[in-house]
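Offset between the sequence shown (1-based) and our numbering: plus 37.
In this text, a Cβ means the ideal position worked out from N, Cα and C, and glycines have one as well.
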Amino acid sequence: MPGCVEIIAHRGARSLAPENTLAAARLAHKLGTHRWETDAVLTRDGHLKKQSGPDRGP
């Protein structure tokens, strides 16, 4: 959509719910965001893993 501003919730509505949780994502959606961006990676064996913080690396 040209000219449309997309609102992306980084880690969900983290000021209102624990960040990187489904509760934060659902609340962000309810508040009108278009997407949810979280700090997660898919491991080689097919599992999702939270990846943020000082141990994340560069």
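- Query: How is alanine 61 classed by DSSP in three states: helix, strand or coil?
  - Reply: Alanine 61: helix per DSSP, three-state reduction.
Do three or more CB pairs link the segment 78–85 to the segment 48–58 at distances below 8 Å? Two segments are said to touch when three or more pairs of C-beta atoms, one from each, lie closer than 8 Å; by this definition the segment 78–85 does not touch the segment 48–58.
**Prompt:** Which of helix, strand or coil does DSSP assign to aspartate 76?
**Reply:** Here aspartate 76 sits in coil by DSSP.
Pairwise C-alpha distance: isoleucine 44 and histidine 71: If you take the alpha carbons of histidine 71 and isoleucine 44, they lie about 5 Å apart.
Item checked: Same chain, Cβ closer than 6 Å to alanine 62, neighbours up to 5 away in sequence not counted -> Leaving aside the five residues that flank alanine 62 on each side, the residues in its chain whose CB is nearer than 6 Å to its CB run, in chain order, Gly49, Trp73.
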